[in-house]
């Protein structure tokens, strides 16, 4: 097992247990990823290898491989695709960190903190390009199409989210739509690729795709909650950036919905940075209004909807892992 | 003819004449590009349409279509690919403008000047993603592979260039290598795609690829020269950014090579911004040392090498256009 994967496992025993049915394949996908992220030019090599070191939960490759295993068996194509989806995901993270001016990601300095914005932009592009190239080395255009379409949706979602910043009239339905695009589409694609290339029939592929979509929604809502209530040391990335950027996430949207006039005023003043410790003020107000529980429950509801898609699959350790993963993403502290 | 293409033509009669043999196809490729760069969400739509409006010379689609026409005939696949290569190119430009903090591009405000850095990063990603997706809608993985590989090389070249900033020991050979990666690889890919999908045999595809590569080198050297001697109003983009960013380009590399001790001191002081009008000082020193002529001659040499690849092609208006295009990129004032 590589040092990187070891370090991840040490950080996160629960993940290692969840991923156990595909641990060996995950390791192989990691190898493909690391071989792709190299350059014969030392300056380039240092930067792009850092892109892999950023590590992370490897949730998307795990989803893809578990979906494959739950529907049939993992074939070499899955390993390549697992590397591809992680590269696409890392590209969006690296570019997100430019947008959020975040300094910590996956317990490491972000690329823009350690190098600069230029390096982040270029590393993200390198990751996107190598991901698409790697997908094109498979012998059908279907994988490229599914990944390309999912990435199109992700990019559109990211732009919509940017457009929604400081829009405190954003409703829940639109918020979910944006989450579906920016996060759930790629998770859905992972499960779709896993199931399809394991030879699952169309209805099973469809159910796994829905599993991924709902899990993605649940994951992102939990992420938005962590931005409010998480501990940076545990989560391993800069927090509080959503509210700093006036990004309307579910705790805030719900709070503005249920608040009375005076509470609304407090919330908006805090969001506009007009009170001393705006993060603590917001958190306390959210607690009082019950919107943190509401957010947690909403995440759990999508997780249940994800789990419901799995019922028709035959029992297997991979199916069991997918089932547990849906709840894990809600209850995680990182 | 669309208003955008009309505007470009008005700005640039010489281009219209050069592109005449494939004018109709270019217009169709433009239509594909514009249909792809849309969104049903108004905020997204405004941003991504601006990406097309940035217009430009459409050199890469023209190269692809002229290469196709010179080797056989243009088929629908070429039109899609022409849109794809322009989207990849525009993505790199939009991201370059973040890096260079440029404010004017193609006579319009850059995305980061009109919106912000976030918008530039996201628009570039949208362009990359849609380009790869569009390529995947063709019925073979070859196009995806060739474009993916070229884009990999472009990204590596961009990172190497960043690594070379403020490195005043960079030699010409390394400079050419970086140019080959960041600019020539995509031009080579355009000609390769054009020739291959026109049914040309391997040796012809190889020669056209070399044509594109040499034309790309010539183009980029001319671009580096324009950054020193061009007029912003004519070139239509922010100039002087190379030297501001201490990017060693051929005029500077050559000057440091041939300068005596005192001149070297003047040049380095100017590059470090330690003299009053550093741009004018550098330009005057470059003139005195003959490095601007040297740069122009080098660009012309690569253009000749490009033209030499065309000799075995049968005479045709498209071949003639490619031949003239090689010299155009050297002598252009924009």
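Residue numbers (my numbering), protein chains in the order written: chain A, 2 to 335; chain B, 2 to 335.
For every residue, glycine included, the Cβ atom is placed at its ideal position computed from N, Cα and C.
- Distance from the CA atom of residue 112 of chain B to the CA atom of residue 98 of chain B, rounded to whole angstroms, is 8 Å.
- Below 8 Å, too few C-beta pairs join the segment 123-138 of chain A and the segment 18-35 of chain B to call them touching: fewer than three.
- In the structure shown, the three-state DSSP call for residue 304 of chain B is helix.
- The criterion of a C-beta distance shorter than 8 Å is not satisfied by residue 93 of chain B and residue 55 of chain B.
- Annotated three-state conformation of residue 209 of chain B is helix, per DSSP.
- Annotation for residue 129 of chain B: 92 place their beta carbon closer than 6 Å to its own, counting only its chain and skipping 5 residues before and after.
- For residue 231 of chain B, there is no enclosing alpha helix (DSSP H), since its DSSP letter is neither H nor E.
- The CB of residue 96 of chain A comes closer than 7 Å to the CB of 122, 126 in chain B, given here in chain order.
- Judged by their CB atoms, residue 254 of chain B and residue 176 of chain B are nearer to each other than the 8 Å cut-off.
- Assigned with DSSP and collapsed to three states, residue 290 of chain B falls in helix.
- Only 152, 153, 156, 157, 159, 160, 161, 163, 164 from the segment 152-168 of chain B bring a Cβ to less than 7 Å from some Cβ of chain A.
- In this structure the segment 70-82 of chain B touches the segment 190-206 of chain B; the number of beta carbon pairs closer than 8 Å is three or more.
- Close CB contacts of residue 241 of chain A within its chain, under the 7 Å cut and outside five residues either way in sequence, are with 228, 280 (chain order).
- Against chain B, the beta carbon of residue 190 of chain A has no neighbour under 9 Å; the closest one sits roughly 12 Å away.
- Scanning B:205, B:190, B:33, B:289 for the CA closest to the CA of residue 148 of chain B turns up B:190.
- The alpha helix (DSSP H) runs lying completely inside the segment 120-191 of chain A and spanning 4 residues or more are 142-165, 173-180, given in chain order.
- With respect to the C-alpha of residue 249 of chain B, the residue from B:277, B:85, B:301, B:226 having the closest C-alpha is B:226.
- Proximity of the segment 148-166 of chain A to the segment 261-276 of chain A falls short of the contact definition, fewer than three beta-carbon pairs being nearer than 8 Å.
- Rounded to whole angstroms, the separation of the alpha carbons of residue 61 of chain B and residue 174 of chain B is 25 Å.
- Distance check between residue 86 of chain B and each of B:145, B:45, B:41, B:282 places B:145 closest, using alpha-carbon atoms only.
- When DSSP states are grouped into helix, strand and coil, residue 314 of chain A belongs to the coil group.
- 8 Å or more divides the Cβ of residue 307 of chain A from the Cβ of residue 204 of chain A.
- Counting along the chain, residue 266 of chain B sits inside the alpha helix (DSSP H) bounded by residues 262-272.
- Short of 7 Å from the beta carbon of residue 29 of chain B, and not among the five residues preceding or following it, lie these beta carbons of its own chain, in chain order: 80.
- Residue 275 of chain B counts as exposed, since fewer than 16 other beta carbons sit within 10 angstroms of its beta carbon.
- Under the 8 Å criterion on CB atoms, residue 129 of chain A is classed as interfacial with respect to chain B.
- Of all C-beta pairs linking the segment 307-326 of chain A to the segment 61-70 of chain A, three or more are shorter than 8 Å, placing the two stretches in contact.
- Annotated three-state conformation of residue 76 of chain A is coil, per DSSP.
- For residue 39 of chain B, there is no enclosing alpha helix (DSSP H), as DSSP marks it with neither H nor E.
- Distance between residue 131 of chain A and residue 193 of chain A, taken at the CA atoms: about 21 Å.
- Scanning A:157, A:170, A:334 for the CA closest to the CA of residue 183 of chain A turns up A:157.
- Residue burial is scored here from C-beta neighbours: residue 25 of chain B has fewer than 16 other C-beta atoms within 10 angstroms and is therefore classed as exposed.
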